[in-house]
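Novice: Residue numbers (the working numbering): 721 to 971.
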Amino acid sequence: MRFHSSLCAALAAVAIAAAPALSADDEGWTWLFKDGDLDHWIVPEGDGGHWKVIEADGGPVIDYDARSEAEGVKDLVSKESYGDFVLELEWKITDTPNINPNVRYVLPDGTHARDIKGEEIALALPDSDSGVFLRGSSKCQVNIWCWPIGSGEVYGYRMDRSLPPEVRAGVTPKTQADKPVGEWNAFQITMKGDRLTVVLNDVTVLDEAQLPGAPEEGPLSLQHHGGYRDGKYTGSPSLVQFRNIRIKPLD
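1) So who's on the other strand from I967, going by DSSP bridges?
2) What is the residue span of the beta strand (DSSP E) that A776 lies within?
3) Whose C-beta lies closer than 7 Å to the C-beta of A889 among residues of the same chain, with five residues either side of it excluded?
4) Go through its chain and collect everything with a Cβ distance to E928's Cβ below 6 Å, but skip five positions before and after it.
5) Grouping DSSP H, G and I as helix and E and B as strand, with all else coil, what is E886?
6) Which one of V806, F853, D795 has the shortest CA to CA distance from W1049?
7) Using three-state DSSP, classify G768 as helix, strand or coil.
8) In chain order, what residues of the same chain lie with their CB nearer than 6 Å to the CB of V806, ignoring the 5 residues before and after it?
9) I'd like the list of long-range same chain contacts for D757, defined as Cβ closer than 8 Å, with 5 residues on each side in sequence excluded.
10) For the alpha helix (DSSP H) containing R878, list its first residue and its last residue.
11) Could you tell me the alpha carbon to alpha carbon distance between G769 and Y784, rounded to whole angstroms?
12) Is A737 helix, strand or coil when you go by DSSP?
13) Check whether the Cβ atoms of S956 and N820 sit closer than 7 Å, and answer yes or no.
14) State the DSSP-derived secondary structure class of L942, mapped to helix, strand or coil.
15) Near I841, which residues of its chain fall below 8 Å by C-beta distance, leaving aside the five closest residues on each side in sequence?
16) Quick check: what's the CA-CA separation for S857 versus K899?
17) If you drop the 5 nearest sequence neighbours on each side, which residues of the same chain put their C-beta closer than 8 Å to that of L883?
18) How would you write the range of the beta strand (DSSP E) that K860 sits in, first residue to last?
19) So Q930 and V862 are in contact, right, with Cβ under 8 Å, and what is the actual spacing, rounded?
The following block contains the structure:
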């Protein structure tokens, strides 16, 4: 089926207009990415141009193809450190070229569903994976991915079996609020002390979840995940874009 060019343009305009909006109040906020530069970010040494700014959907976005050539940390890290804050950003998974055969069916308490033999249920699903590291800690990661549980969870805490059940349940999303792959999503992430609230597309998926032992301060990171070898992606790659990133420190 072919669409007339004017209809395609109209549909594109509707898609852009329908993207989740950030808060209207600008007082106290600092833009970490808006107008097309990475001045607030440290690009990994030796990256090779894989973290880049492009024009897409009517404005500048940070685009990542999960192919960083950096030998060390491949994440995009903020130049500044933050303690308590509200962070807002928009993100989009651009593609899911791989099937992940080990996607788990996550229950509301953060554990994994099991079959009649007592084995954890594994689902084979298309998957891409990224996230936002808070206060310089990969364990304090607000996930971006394609698992049925939805984005916004804190995988490092949910999977830590040494933690109390209420902590693991608290970092498990209350519902899946993600939009389909290829559409923009909006995060509002609030960190106060060791308490984390995550609102995804106007739905509160984590409500004052406790992160015991979380650092008091540290940078933000946009996560690299997966790899690229012999012309193929390995793992679940971070095929993601980010835009309209801003932060408001809290006293």
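Where is the CB? At the ideal position from N, CA and C, for every residue including glycine.
Specialist: Checking against the coordinates, here is how it stands:
1) For I967, which the question treats as bridged, DSSP gives the partners T750, L807.
2) Per DSSP, A776 belongs to the beta strand (DSSP E) from 771-776.
3) P828, D829, G830
4) Non-local beta-carbon contacts of E928 in its own chain, meaning distances under 6 Å to residues more than five positions away in sequence, involve R915, T917 in chain order.
5) helix
6) Since the displayed the chain opens at 721 and closes at 971, residue 1049 lies outside it and no answer follows.
7) coil
8) T910, K968
9) These residues qualify, in order along the chain: V773.
10) 875-878
11) 9 Å
12) At A737 the pLDDT is 39, less than 50, meaning the model places this residue with poor confidence and gives no usable figure here.
13) The answer is yes: Cβ separation under 7 Å.
14) strand
15) R824, Y825, H832, A833, R834, D835
16) 26 Å
17) Correct list, in chain order: Y877, P932.
18) Residue identity check: residue 860 is Cys in the sequence provided, not Lys. Start and end: 857-865.
19) Wrong, their Cβ atoms sit about 15 Å apart, outside the cutoff.
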